[in-house]
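Peer 1: Residue numbers (the numbering used here): 8 to 280.
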Amino acid sequence: MRINIVTIFPEFFAGPLSLSIPAKAAAAGGVQYHLVNLRDFAHDRHRTVDDYPFGGGPGMVMKPGPFFEAVESVGATAPIVLLSPRGRRFAHADAMRFAAGTELTLLCGHYKDIDERVATHLATEELSLGDFVLSGGEPAALAIVDATVRLLPGAMSDLESARTDSFFDRGISAPSYTRPAEYRGHPVPEVLVGGDHAKVAAWREAESLRRTREAEAHDRAAWQEREARIAEREAVIAEAERVAADKAATKAKQKAAKERARARAAARSGDGA
């Protein structure tokens, strides 16, 4: 597998990709990392990759040209993933999909935003780690790389460990315990030390289901809270618009009344003449 990472900070990845699972996956021949410096495709002496946004506004926007040329330079094919807070949330199923392929290209943004043409005409999909903003796409890209390459042959000494991870079968794994059997008054569940493998399997399945349901309930509550905040903001905006409209209508009525008064005054003046 080949992973291309397009970034203005290739040095960000030097340490993490040389350690632990990412390094093991590369040493086993399962993956090759190709770091592409976006500034190599800037054509001014300052190697500028950003510019002011059309229409004004705060912050800088990354240019489309360097991204297109960087991707073309490596002959990248789909999937070409743009890391973006507006993207669909990355899931374990995505890591499995990427690991089953032969190539993955990750586009890391920075500054305020990336020119929309990168999203609409270059990237094949947009992914996010969640509802929060990072300083750039690099941390998100690294998380996706790690989640993907650990599923490759040779990356882990015990592949069965990966198969029992949270989200492998779309659920959250059961709690894990190790020695000692009791620590500071907190014992390990007795079923795990009883030696009955069938009971252990049943306990783990039940705990996995419980954890998954709790997480799903939390997600639903978070979305409901978010929707409530949005509805509240929309109500405030609607009220502000109503007040502004009422003021405009009042001013229009006052102006019309003044004009009528001036017209009547002018008419009376004409009659007197």
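For each residue, glycine too, the CB sits at the ideal point set by N, CA and C.
Just curious, the beta strand (DSSP E) that M94 is in, first and last residue?
Peer 2: Looking at the sequence itself, residue 94 is Gly, so the reference to Met does not match. Note, G94: beta strand (DSSP E), 87-96.
Peer 1: Which term fits G79, buried or exposed, when burial requires 16 or more other beta carbons within 10 angstroms of its beta carbon?
Peer 2: The sequence shown places Glu at residue 79, rather than the Gly named in the question. E79 should be labelled exposed.
Peer 1: Please list, in chain order, all residues of the same chain as G161 whose beta carbon is under 6 Å from its beta carbon, the five residues on each side excluded.
Peer 2: A35, G37, listed in sequence order.
Peer 1: At what residues does the alpha helix (DSSP H) containing H99 begin and finish?
Peer 2: Per DSSP, H99 belongs to the alpha helix (DSSP H) from 99-106.
Peer 1: Could you give the distance in angstroms between the alpha-carbon of R214 and the alpha-carbon of S183?
Peer 2: According to the sequence displayed, residue 214 carries Glu and not Arg. Roughly 11 Å between the two C-alpha positions.
Peer 1: Just to confirm the assignment, what range does the beta strand (DSSP E) spanning V156 have?
Peer 2: Looking at the DSSP string, V156 is not in any beta strand (DSSP E); the run it does join, the alpha helix (DSSP H), is 145-156.
Peer 1: Please report how far the alpha carbon of R233 lies from the alpha carbon of A273, in whole angstroms.
Peer 2: Cα to Cα, R233 sits roughly 59 Å from A273.
Peer 1: Between the C-alpha atoms of Y118 and M69, what's the straight-line distance to the nearest angstrom?
Peer 2: Near 7 Å, if we compare the C-alpha coordinates of M69 and Y118.
Peer 1: T14 and L45 look like a contact to me (Cβ under 8 Å); what is the Cβ gap, rounded to whole Å?
Peer 2: Sure, about 6 Å apart at Cβ, within 8 Å.
Peer 1: Considering only residues of the same chain and omitting the five flanking positions on each side of V140, which have a CB-CB separation below 6 Å?
Peer 2: The answer, listed in chain order, is P92.
Peer 1: As a quick exercise: from A147, A49, F74, A154, pick the residue whose alpha carbon is nearest that of A100.
Peer 2: When only C-alpha atoms are compared, the closest one is A154.
Peer 1: Check whether the stretch 95-110 and the stretch 129-137 touch, using three or more Cβ-Cβ pairs below 8 Å as the test.
Peer 2: Yes, they touch.
Peer 1: Count the other CB atoms within 10 Å of the CB of G202; is the residue buried (16 or more) or exposed (fewer)?
Peer 2: G202 is exposed by the Cβ-count criterion.
Peer 1: Starting from the C-beta of R218, find all residues in its chain whose C-beta is less than 6 Å away, skip the five residues before and the five after it, and write them out in chain order.
Peer 2: The residues are I179.
Peer 1: Could you tell me whether the Cβ of E123 comes closer than 9 Å to any Cβ of chain B?
Peer 2: No chain B appears in this structure, which consists of one protein chain only.
Peer 1: Does the structure place the stretch 185-194 close enough to the stretch 53-72 that three or more beta carbon pairs sit under 8 Å?
Peer 2: In short, these stretches do not touch, since the Cβ pair count stays below three.
Peer 1: With C-beta atoms as the reference, is I28 less than 9 Å away from M163?
Peer 2: Taking 9 Å as the Cβ cut-off, I28 and M163 qualify as a contacting pair.
Peer 1: DSSP three-state label for S142, please.
Peer 2: S142: coil per DSSP, three-state reduction.
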